[in-house]
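Notes for the one structure printed next.
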Amino acid sequence: MSQNKITRRDLIKVFGASAVAATGLFGMSAKAYAKGANHVVIIGGGVGGSVCAKYLRFADADVKITMIEQNPEYITCLRSNDVMVGYHTLDELTFNYNTMREKYGINVMIDQVTGVDYDRKTVSTKNGEKVQYDRLVVSPGVDFRFQDYEGLSKELSDTKIPHAYKAGPQTLLLQKQLESIPQGGTAIICPPQNPFRCPPGPYERASLFAEWMQKHNPRGKVLICDPKDRFTKDGPFKKGWERLYGYGTDNSMIEWISGSQGGRVVGVDAKNMTIETDGDDHKGDLINIIPNQQAGKIAQIIGLTNHSGWCPIDRHTMESTLHKDVWVLGDSSIADAMPKSGYAAGSQAKVAAQAIADSLHGRSPGKAIYSNVCYSLAGENYGVSIAAIYEVRDGLIKPKGKSAGVSPITDKPAQPILEAVYQKNWQREFVKDVFS
Amino acid sequence: MKLKSLMVAFGMMAMALVANAEPKQATGQAMSWQCAPCHGINGQEFNEAMPPLAGMKKDEFVKAMIAFREGTRAAIIMDRVARGFNDAEIEAMAVWFEKQPAIQWENMTYVPTAGGKYEPK
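Chains as they are written, first to last, in our numbering: chain A, 1433 to 1868; chain B, 286 to 406.
Right, here's the structure in full:
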């Protein structure tokens, strides 16, 4: 590559002046790009965006990669439930983009995307940059539908009724609220309607709250008001609740009201700390409404969503079916049987990275194989998991072979104990796959 | 029909067949990448409960995966994962993992001048 001289001016043309200045691109590595090298721009530096950037580097050593992310650091939603009960600190879940820049030669711009011109193939940003792309990747996570609940708003979620479903200040707010529940008080958790990010998240949260209460508030109670009649891993979760928290007895620390029992929350009175549901009103000392969701805001703004509020994609590659040379990854995409999980986003990002590299070099991609492996805790030492390999069949992403399954319910204590060990292994390894 | 136009016709048919063909099997690399969130990048994690896959002998990998898939080896989660792969796919992953260096990933470095390869530090 050394024969391909590039000038500062060339770089500025590609990346924009402030990006070059802000990222210290010249000191990054000896990496120099050939004139006319392809440029892939990635919007969003979460799991999908970061994994895509890194694996695209594995798939194509010579492509220029720019990732545009609003925040200089990323806090993983993964394990943020732990923070509320003291098993992790928020700092331990916080990652920066130094490795991305230094080890993988990714140009990371801290900026906010404001629009995309698909004809000119340019991305505009809040700081006034116009970044040219050959291929665009959009991985913006989810946006919350506060409007589905009377009395709820973004402001209220920041102050009194946190969702804590994006890790950050709301995680710490909910932790404080849990600690402030008076003895014998009630925490109410309201999971969203399908589809939503991290399907086991609300139920793991309920589990860990109950475990925390066993130690600090033994007469306390967790009430789950759910719009649904089933939830992911509900078999092994409920078995764990029976074993650990007396679920199903009069003294259970967890009560779950399903959708057909009137569990759907329709409004909140924050002043009186009361929720209104299809059934009874419930008073709580902590109210955690996790709102219904749709594709991340930028995906809506730049026209990648359809009537469902999510982004349709070509199942073989993750390329948008609405705009050419644009890929959509992770929570925002319509991926059929795949859950909206970090693991799924990373899995899709790897398929997309290969497909993008193939498309830039005129190769046809191989069959897409996706995966999802997700561990949750029903207690600190009680893990439950779900795993599946996926393929495209009959035009949809479906489990491959007989791979899809949740933890078996057995009398052997080893299963949940080992799953809790693996859960911790998986968390450490997962974040390495994204950020190391 | 002239020979030339026959050849053109056959050529077009062949192209149509290719266009309609099932995509080829995913590469060993593409499938193996899916294992990274538990077993480390390229299977190069040597300090965890989940075993490293980088440098594993091909036959050992194949034997383990088939045993997990057929339920003849006790498993916590790998039985559910292995049931997603057929023999040819397991073979392709085994070939790929055998070639990966048995070195902890953090001890690898990016070499921009060598076509973007990762090498031991």
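C-beta: ideal position from N, C-alpha, C; glycine also.
query: What in chain A is Cβ-close to Ala321 of chain B, meaning under 7 Å?
result: Numbered from its first residue, the second sequence carries residue 321 of chain B at position 36. Here the neighbours are Asp1865.
- request: Indicate the three-state DSSP secondary structure (helix, strand or coil) for Arg1795 of chain A in the structure shown.
  value: Locating residue 1795 of chain A in the first sequence gives position 363, where the first residue counts as 1. Here Arg1795 of chain A sits in coil by DSSP.
query: Start and end of the alpha helix (DSSP H) containing Lys343 of chain B?
result: Translated into the one-based positions of the second sequence, residue 343 of chain B becomes position 58. Start and end: Lys343 to Glu355.
query: In chain A, what lies closer than 9 Å to Gln389 of chain B by C-beta?
result: The count along the second sequence starts at 1 and reaches residue 389 of chain B at position 104. Going along chain A, no residue has its Cβ under 9 Å from Gln389 of chain B, so there is no contact; the nearest lies around 11 Å.
message: Quick check: what's the CA-CA separation for Ala1453 of chain A versus Gly1672 of chain A?
response: Residue mapping note: residue 1453 of chain A aligns to position 21 of the first sequence, counting from 1. Residue mapping note: residue 1672 of chain A aligns to position 240 of the first sequence, counting from 1. Residue confidence for Ala1453 of chain A is low, a pLDDT of 38 falling below 50, so the modelled location carries little weight; the figure read from the coordinates is stated next. Rounded to the nearest angstrom, the two C-alpha atoms are 53 Å apart.
task: Go ahead and label Gln1855 of chain A buried or exposed: buried means 16 or more other beta carbons lie within 10 angstroms of its beta carbon, across all protein chains shown.
output: Taking the first sequence and counting its residues from 1, one reaches residue 1855 of chain A at position 423. Looking at its Cβ environment, which holds 16 or more other Cβ atoms inside 10 Å, Gln1855 of chain A is buried.
query: Out of curiosity, what's the CA-to-CA distance linking Glu383 of chain B and Cys1806 of chain A?
result: As a working mapping, residue 383 of chain B is identified with position 98 in the second sequence. As a working mapping, residue 1806 of chain A is identified with position 374 in the first sequence. In a straight line, the C-alpha of Glu383 of chain B is about 26 Å away from that of Cys1806 of chain A.
- request: On the DSSP bridge assignment, give the partners of Ala1727 of chain A in chain order.
  value: Against the first sequence, residue 1727 of chain A aligns to sequence position 295. A:Val1574, per the DSSP bridge assignment.
query: Of the residues that make up the stretch 323-342 of chain B, which ones have a beta carbon closer than 8 Å to any beta carbon in chain D?
result: Included in the structure are the protein chains A and B, with no chain D among them.
- request: Would you list the one or two residues that DSSP bridges to Gly1403 of chain A?
  value: Given a span of 1433 to 1868 for chain A in the structure shown, any question on residue 1403 of chain A remains unanswerable.
query: Can you tell which of A:His1748, A:Arg1747 and A:Ala1731 has its C-alpha closest to the C-alpha of Ser1740 of chain A?
result: The residue you call residue 1740 of chain A lines up with position 308 of the first sequence. The candidate whose alpha carbon is nearest that of Ser1740 of chain A is A:Ala1731.
- prompt: Where does Trp1742 of chain A sit, in a helix, a strand or coil, going by DSSP?
  reply: For the purposes of this step, residue 1742 of chain A is identified with residue 310 of the first sequence, where counting begins at 1. Note: Trp1742 of chain A maps to coil in three-state DSSP.
- request: Output yes or no for whether 7 Å exceeds the beta carbon distance between Val1563 of chain A and Ala1619 of chain A.
  value: As a first step, residue 1563 of chain A is located in the first sequence; it is residue number 131 there, counting from the start. As a first step, residue 1619 of chain A is located in the first sequence; it is residue number 187 there, counting from the start. Not in contact: Val1563 of chain A and Ala1619 of chain A (Cβ atoms no closer than 7 Å).
query: Since Phe370 of chain B meets chain A, which of its residues come closer than 9 Å, beta carbon to beta carbon?
result: Indexing the second sequence from 1 puts residue 370 of chain B at position 85. Those are Ile1801, Ile1821, Lys1832, Gly1833 and Ser1835, listed as they occur along chain A.
- prompt: Can the beta-carbon of Arg358 of chain B be found closer than 7 Å to that of Ala367 of chain B?
  reply: The residue you call residue 358 of chain B lines up with position 73 of the second sequence. The residue you call residue 367 of chain B lines up with position 82 of the second sequence. Going by C-beta atoms, Arg358 of chain B is not nearer than 7 Å to Ala367 of chain B.
query: Run through DSSP, which three-state label would Ala1619 of chain A get?
result: Residue mapping note: residue 1619 of chain A aligns to position 187 of the first sequence, counting from 1. In this structure, Ala1619 of chain A counts as strand in the three-state DSSP scheme.
task: Check whether the stretch 341-349 of chain B touches the stretch 309-321 of chain B, counting contact only when three or more Cβ pairs, one atom from each stretch, lie closer than 8 Å.
output: no
- request: Count the other C-beta atoms from every protein chain shown that fall within 10 angstroms of the C-beta of Asn1470 of chain A, then say buried if there are 16 or more, exposed otherwise.
  value: Taking the first residue of the first sequence as 1, we reach residue 1470 of chain A at position 38. Looking at its Cβ environment, which holds 16 or more other Cβ atoms inside 10 Å, Asn1470 of chain A is buried.
- request: Just the chain B side, please: which residues come within less than 9 Å of His1748 of chain A by C-beta, in chain order?
  value: Position 316 of the first sequence, counting from 1, holds the residue named residue 1748 of chain A. Under the 9 Å cutoff, chain B gives Pro308.
message: I'd like to know whether the C-beta of Val366 of chain B is nearer than 7 Å to at least one C-beta of chain A.
response: In the second sequence, residue 366 of chain B corresponds to position 81, counting from 1. Interface residue, yes.
- prompt: List, in order along the chain, the chain A residues whose C-beta lies closer than 7 Å to that of Trp318 of chain B?
  reply: Counting from 1 along the second sequence, the entry for residue 318 of chain B is found at position 33. Neighbours of Trp318 of chain B on chain A, chain order: Tyr1487 and Lys1782.
message: Beta-carbon within less than 6 Å of Phe331 of chain B's beta-carbon, same chain only, minus the 5 sequence neighbours each way: which residues are those?
response: Here residue 331 of chain B is taken as the residue at index 46 of the second sequence, counted from 1. Only Pro337 and Gln389 meet the Cβ criterion.
query: With C-beta atoms as the reference, is Asp1661 of chain A less than 7 Å away from Ser1639 of chain A?
result: In the first sequence, residue 1661 of chain A corresponds to position 229, counting from 1. In the first sequence, residue 1639 of chain A corresponds to position 207, counting from 1. Result no, Cβ atoms of Asp1661 of chain A and Ser1639 of chain A do not sit closer than 7 Å.
- prompt: So who's on the other strand from Val1545 of chain A, going by DSSP bridges?
  reply: As a first step, residue 1545 of chain A must be located in the first sequence, where it is residue number 113. Answer by DSSP bridge pairing, in chain order: A:Thr1557.
- prompt: Leaving out the 5 sequence neighbours to the left and right, which residues in its chain are closer than 7 Å to Ile1613 of chain A when beta-carbon positions are compared?
  reply: Within the first sequence, numbered from 1, the residue matching residue 1613 of chain A stands at position 181. Correct list, in chain order: Ala1619, Asn1649, Gly1652, Asp1717 and Leu1718.
field: Rounded straight-line distance, which links the Cα of Asp372 of chain B to that of Arg365 of chain B
entry: Numbered from 1 along the second sequence, position 80 holds the residue referred to as residue 365 of chain B. Numbered from 1 along the second sequence, position 87 holds the residue referred to as residue 372 of chain B. Distance between the alpha carbons of Arg365 of chain B and Asp372 of chain B: 15 Å.
query: Anyone know if the C-beta pair for Asp1763 of chain A and Leu1828 of chain A falls short of 7 Å?
result: Residue numbering aside, residue 1763 of chain A sits at position 331 when the first sequence is read from its first letter. Residue numbering aside, residue 1828 of chain A sits at position 396 when the first sequence is read from its first letter. Cβ distance not < 7 Å, so Asp1763 of chain A and Leu1828 of chain A don't count as in contact.
field: Neighbour flag for Trp1858 of chain A against chain B, beta carbons, 7 Å
entry: Here residue 1858 of chain A refers to the residue found at position 426 of the first sequence. Interface residue, yes.
field: Below-7 Å beta-carbon distance, Ile375 of chain B vs any chain A residue
entry: If you number the second sequence from 1, residue 375 of chain B lands on position 90. Judged by the 7 Å Cβ criterion, Ile375 of chain B is not in contact with chain A.
field: Rounded straight-line distance, which links the Cα of Met1770 of chain A to that of Asp1549 of chain A
entry: The residue given as residue 1549 of chain A occupies position 117 in the first sequence. The residue given as residue 1770 of chain A occupies position 338 in the first sequence. The alpha-carbon atoms of Asp1549 of chain A and Met1770 of chain A are separated by roughly 30 Å.
query: With a cut-off of 7 Å, does the C-beta of Lys1535 of chain A fall near any C-beta of chain B?
result: Stepping through the first sequence from its first residue, residue 1535 of chain A is reached at position 103. Yes, Lys1535 of chain A lies at the interface with chain B (some Cβ there is under 7 Å from its Cβ).
- prompt: Among A:Ala1819, A:Tyr1814 and A:Ala1836, which one has its Cα closest to the Cα of Lys1844 of chain A?
  reply: Residue mapping note: residue 1844 of chain A aligns to position 412 of the first sequence, counting from 1. Here the closest residue by C-alpha is A:Tyr1814.
query: Can you name the residues of chain A whose CB is closer than 8 Å to the CB of Ala311 of chain B?
result: The sequence position of residue 311 of chain B within the second sequence is 26, counting from 1. By Cβ distance, chain A contributes Gly1798, Lys1799, Ala1800 and Ile1801.
task: Within the same chain, show all residues whose beta-carbon is closer than 6 Å to that of Pro1848 of chain A, passing over the 5 residues directly before and after it, in chain order.
output: Taking the first residue of the first sequence as 1, we reach residue 1848 of chain A at position 416. Taken in chain order, the residues that qualify are Tyr1814 and Gly1815.
task: If I'm right that Val1540 of chain A touches Ile1788 of chain A with Cβ under 8 Å, what's the distance once you round it to whole angstroms?
output: Position 108 of the first sequence, counted from the first residue, corresponds to residue 1540 of chain A. Position 356 of the first sequence, counted from the first residue, corresponds to residue 1788 of chain A. About 18 Å separates the two Cβ atoms, so there is no contact after all.
task: Verify whether the separation of the beta carbon atoms of Ile1475 of chain A and Ile1538 of chain A is less than 7 Å.
output: For the purposes of this step, residue 1475 of chain A is taken as the residue at position 43 of the first sequence. For the purposes of this step, residue 1538 of chain A is taken as the residue at position 106 of the first sequence. Contact: no.
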